[in-house]
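Residues 357 to 1546 (my numbering) are what the sequence shown spells out, left to right. Ideal Cβ placement from N, Cα and C applies to all residues, glycine included. Here the structure comes first, spelled out in structure tokens, and everything after it is commentary.
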Amino acid sequence: MPGSRFRVPGFSCLRDDRNDGYAGSAILVRHSLPFSQIPLPPHSQQINAVAVRALDISFVSVYIPHPTPSLLPELQSILSSVPSPIIALGDLNTHHTMWGCYGCDGFAPLLIDILDDVGLCILNDGSPTRRVFPNQNPKTAVDLSLCSPNLASQITWKTLPSSYGSDHFPIILSLNNRSFLPSSHDPLLKYQLKKAKWTEYARSVDFLIDSLPDPVSDGNILACYDLFLKSLISSADSHIPKKHPPKNHLLSSPWWDDECNDLFAQRTSAEKTYSNCMSQENFIKYQRLDSKVKKLVTRKKRSSWTRFCESLSPRSPSSIVWTNIRKFRRSLNHTDPSSNNPLDWLNDFADKLAPPYVPNIDSFPNFTPTPSSDDMDAPFSFSELQIALNGLKDSTPGEDGVPYSFLTNLNDKAKIHFLNIINKFFETGTVPHSWKSQIVIPVIKPGKNPLDSNSYRPIALSTTLAKITEHLLKNRLEWIIESKNILPSSQFGFRKGLSTTDSLGILTTDIRIAFTKGEYLAGVFLDIASAYDNVQLPVLRQKLQSLSIPPKLTHFICSLLFCRSIVVKHQSSSLPPRLVWKGLPQGSVLSPLLYSIYTHDLELSVSSFCNILQYADDIALYHSSGSVEEISCRINSALYYLGQWLSDHGLSLSVGKCQAVVFTRKRSLPSFQFSIEDQLIHLSDKIKFLGIYLDNRLSGIAHSEHIIKKCEKGINVIRAVAGVWWGAHPYSLKLLYNALVRSHMDYCMFILEPFNKSAVQKLNNIQFRCLRIILGAMKSSPTNALQVECVDPPLTIRRQYLCDRFVSKMLQLSSHPLWPRLTQLSSAPQSRNSSSYLVDSFLKYTNLPHPVSTFPLNPLFSTPYNALVYNPLIITDIGLVKGAPDTNNKFQNYIHQNWSNHILIYTDASKLSPDGCVGAACWVPRYKIILKFKCPPESSVFTGEATALLEAILFAHSHNLKQTVILTDSLSCLMSIKENPFRSKSRFPIILKIREALLSCNQKGLTIILVWIPSHSGIPGNETVDSCAKLAVISGSLDHFQNSAQDLCGLAKTYLNRSWNTLWNESKSIKGKYYASIQPDIPTRPWFFKYRNADRWVTSTISRLRLGHSCTPVFLAKLRIRNSSICECGLDEGTVSHILFNCPKLLHPLYDVLPPNIPRPVNVEYLLTFVFSSYCRFLCKYIECNKIKL
């Protein structure tokens, strides 16, 4: 079809289409087979030809629909231009008895002369290649197969008996004594991990370890490591099934079933019958079956896709959605390049990572670490290893084939053995060869030229044992760097607690400040070429030493990086190992942190001239002033010194990718020129920085247009998995909308507020379209009602909510560079700037009645490292069940049997009203001591529970209680204390204080056990402390009367609900009046979340009825879609009330089946409020039984 894209999974397609698009020539080449397209000489549109070079053979495909002698010179030119040997196939539409036709035409003898001139043989054996109609001569062979003479003896030629729905028979050419496909690499992950017997595996490893030498005392640590690795692999071979070798055949389509098999077999049989007896009757029978097959395929595709969409449930992972979409589209997201020969670019790619020359050995001076007493040079602890292993998910392993799960599923005995090996390596600076050998896979960047080596991103696959060690090193190094505040405040890349939003917020705030002053702000946005790959390792080691990083840590990190070797693999191609003497490995958890250390002093080269923002290797330099000369002078000076710094560090800029933008609200823009290394930087009116398009007036139009294009793709996916009456459940659609559409509109959009009103409306329309698809609503449905029905707030309110959350987190860092900028902008004289969402949120939180607790550094790095890796004693299950009648008796027995000599401390927290304070209390029964504390109204009960736990621990510490059991009914607090602090998304400062207090008790020799007990289960101590917590709301101590940033994040949700309720109350008097009569308040969740088994058409019908816009005769007549408003029964107006209650076409009248406890009379509005009650199931069943679709 014209403009269509032909897809066959696993193959590249090279085409030459006819002008009308309905015919042409094509060659399909398997992805794993290196090939390159052969350019052909110009030819007319009466010939379609394409040629490729693969397996040292030139393959040519030719199509000539109407052969004439005038085309022969063009055909000869094409065949002569192709290098030998040649295999040519084509539909030439010419006849000659030489290749099996019933006669000769005028074109064929001339063609034979051409073939003699170019030296090609005809392979056809006389078999017909085209199926003909009855009464036509069956000897028709218009498809020719040609080859060079030296290949003729190696090729077997035959046709298949079935045409598979075409009018041409497939031709099979087999090359004898030639390996057709290159051998593919064995998969690195060889095991079926989902079928692993992990218990038996761990026992087997423990058994094998008993016979291994102790790595601590054995002199040959590398031999100990090899034996440990063999133990893992040997145990895996015994208890984990291996994957089956990959097969080359194509997977069947997801819609294919037995009915397809049967009908295809019938068509094949009918075609065979027709071939044996070419009668009119047999031909008609075959044609009918062929038509049935085509209709069946279309129907199966449609029905199978519908069934898949309807099978989507709230528990369906998004990966399944995408996998099935690709299966139905028969696509692997593969472009069709003109060449697939990696040798064209693979060596250039490898040369960038590992240049084919090695610098003088003096460039790598030997370094022997001096003895160190630094705590960070001490052996790694078992708790550090547990933290490193926690949360690791299997990914592609390194050359040893060992995945993370081989280590995470070990027993403690084997883990300690592995830890001893790591510590021996760390002590001696020894690194196994396999840890320094990596497989590099080139991954093409989206939309890039596959023939350009710069279009690929290197992904390094290292052994998982080395990556676990890197996690151990990274946790220590990161804590040292951050706790000493070594990194500059302008670097936001890959730092905990900081993100792209911080960098963008600073830049846009400075732009707005410049606008208020009537100044220009000129920014230069720079791209460092292959930054990670060009890091000079000797320079990095010098910087680690100059920053006083502990010597053992420095030495071991450098040992991992120096003298690495890489093997570059792409599909079936592989290059020999190469020595790497520079650069950081892509994919290593250490690389981003080491790059930040490498560039920690970059800011100093430009900070005296202008402002700088860094996010890893993305750099923005900018300065604001009313003077063009000042801006030009400062930024050009900064660029000069930055260039010198980069040159000294082996880095360089991609000047072609660098851009400059002058931000101003003035109508006329003076001339600016910025240059580096005598090359001018392109001056643009917009720039994409950290994923956000910033135009020179900060209007947001450029970014909104970019977002709309991205959202359209997500909308198409949502539209594909659901119609109005069929498809996925609204819950699943809402999840897809959140992931594929709303996520794009959420990312940093609030920093552009206020932006252009037309752009805002376009984004709102995107939301409305998605909500209509989710609900199956009509286009005329009121938009404010759609938002309430889906519980999806207006985008403007949601942007303010996201801004509130960002600012609340930012405020906990007193040193955050955005704080003084927002203070300055909030006091700007122009009123228009007060509408900036960042300013609104900043004023909202800084003017709270109670102070916010702030920290000069991220609280994680203000906490001692030993406290972060300390493993506290926490018990979350002692066999108690909440609400059971014997809970207290079981509890008392457990205490008596296990902790009869321990001091018991009960803790609890309480909040009596949404606007009231939070009370926290500790109760020590043995000493009759009560501790009460009060937290601000903005605090959560979680904070109160954590406060009580902290005070209980401090009480045990100050009173030197040797054995203490602290009992709490807050399971969430205990889990927060227990989880990995380095990977936790919500790092409450008070939780870190609890860990620090627990470590202090442990160092003092005090035993503290934290235990969870169920609340309100008759345990006297818990009931007492609960009463004390309620009293603490009024009379508690004010020692903890401060807000935390995490609690203020929760406050953002309160602000959102308040703003949305206000807007809903105002708008429902204008539109959505009918819906407002049914749903006066905004629910917390959509009604359909509770009924996830309801059919799609049932949820669509209920949603339409609630919205007041449904396909009733009355409503359709109102829209002038129908001429009459009378119901199809012809008895009354087709209102919703008539259709549900009185229409004689109902199978079951509503009044006859209504539950008896529903009061009569019942109207439609009352009926539609059932969605939030237990009667909703009845309503769904009634609509389903009567097949009501409105």
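For residue i, the first and last residue of its enclosing beta strand (DSSP E)
i               : result
leucine 1366    : 1363-1368
proline 814     : 812-817
valine 1116     : No beta strand (DSSP E) contains valine 1116, which is instead part of the alpha helix (DSSP H) from 1113-1131.
cysteine 1291   : 1285-1291
histidine 1396  : Unbroken run through histidine 1396: none, as it is neither H nor E.
tryptophan 1279 : 1274-1280
threonine 1491  : Element bounds for threonine 1491: n/a, residue is neither H nor E.
Environment of residue i [buried if 16+ CB atoms lie within 10 Å]
i                 : result
alanine 1240      : exposed
tryptophan 455    : buried
cysteine 401      : In the sequence as presented, cysteine is not what sits at residue 401; that position holds glutamine. Label assigned to glutamine 401: exposed.
lysine 1290       : buried
serine 1187       : Residue placement at serine 1187 cannot be trusted, given a pLDDT of 48 that sits under 50; what the coordinates show is reported in the next sentence. Exposed, because fewer than 16 other Cβ atoms sit within 10 Å of the Cβ of serine 1187.
glutamine 1123    : buried
tyrosine 1541     : Checking the displayed sequence, the identity of residue 1541 turns out to be cysteine instead of tyrosine. So cysteine 1541 counts as exposed.
aspartate 1395    : exposed
glycine 879       : buried
asparagine 1399   : buried
leucine 1593      : The structure shown has nothing for residue 1593, since the chain only spans 357 to 1546.
asparagine 1203   : exposed
leucine 1025      : exposed
arginine 644      : exposed
tryptophan 1453   : buried
arginine 658      : exposed
serine 1326       : buried
aspartate 1382    : buried
phenylalanine 536 : Because phenylalanine 536 sits at a pLDDT of 49, beneath the cut-off of 50, its placement in the model cannot be relied upon, and the point is left open.
serine 1391       : exposed
lysine 1090       : buried
asparagine 1316   : exposed
Span of the alpha helix (DSSP H) around residue i
i                 : result
serine 635        : Neither: serine 635 is in no alpha helix (DSSP H) and is coded neither H nor E.
tyrosine 1093     : 1086-1093
phenylalanine 463 : 463-474
Distance between residue j and residue i (C-alpha atoms, nearest Å)
i               : j               : result
proline 569     : serine 929      : 40 Å
proline 610     : histidine 1062  : 34 Å
glycine 982     : glutamine 1402  : 41 Å
histidine 690   : serine 368      : Residue placement at histidine 690 is flagged as unreliable, the pLDDT there being 45, under the threshold of 50; the coordinate-derived value follows with that caveat. Computed Cα separation, rounded: 8 Å.
serine 1182     : leucine 1306    : 37 Å
lysine 1200     : aspartate 1242  : 50 Å
glutamate 985   : aspartate 957   : 27 Å
isoleucine 1074 : tryptophan 1081 : 14 Å
aspartate 469   : leucine 507     : 20 Å
lysine 1267     : methionine 1105 : 35 Å
Anticipated Cβ contact below 8 Å, residue i with residue j, distance rounded
i               : j                 : result
cysteine 1146   : histidine 1100    : About 18 Å separates the two Cβ atoms, so there is no contact after all.
isoleucine 403  : proline 441       : Going by Cβ atoms, the distance from isoleucine 403 to proline 441 rounds to 22 Å, so no, they are not a contact pair.
leucine 775     : leucine 741       : 5 Å
isoleucine 1458 : valine 1527       : 6 Å
proline 948     : phenylalanine 850 : 4 Å
Contact test: residue i Cβ vs the ligand NAD heavy atom, cutoff 8 Å
i           : result
leucine 766 : This structure lacks the ligand NAD, and indeed carries no ligand of any kind.
Check: Are the stretch 868-884 and the stretch 1374-1387 in contact at 8 Å, needing three or more beta carbon pairs?
Finding: no
Notebook entry, point to check: Is the number of C-beta pairs between the stretch 1145-1160 and the stretch 1473-1491 that are closer than 8 Å three or more?
Noted result: no
Next item on the list: Assess, as a yes-or-no matter, whether the stretch 1212-1231 is touched by the stretch 1405-1422 under the definition of 3 or more beta carbon pairs within less than 8 Å.
Entry: no
Note to self: Would the stretch 487-507 count as touching the stretch 627-638 if we require 3 or more Cβ pairs under 8 Å?
What the structure shows: yes
Notebook entry, point to check: Would you say the stretch 518-530 touches the stretch 570-579, given that touching needs at least three Cβ pairs under 8 Å?
Noted result: no
Checklist line | Touch test, the stretch 980-998 against the stretch 1025-1044, Cβ-Cβ under 8 Å, three pairs minimum | finding: yes
Note to self: Across the stretch 1367-1374 and the stretch 766-785, are there enough close Cβ pairs to call them in contact, namely three or more that are closer than 8 Å?
What the structure shows: no
Margin query: Is it the case that the stretch 1259-1268 contacts the stretch 1311-1323, given that we only count it when at least three CB pairs across the two stretches are under 8 Å?
Written below: yes
Notebook entry, point to check: Does the stretch 746-763 come close enough to the stretch 1330-1344 that 3 or more CB-CB pairs lie under 8 Å?
Noted result: yes
Note to self: Count Cβ pairs between the stretch 931-944 and the stretch 757-765 that sit closer than 8 Å; are there 3 or more?
What the structure shows: no
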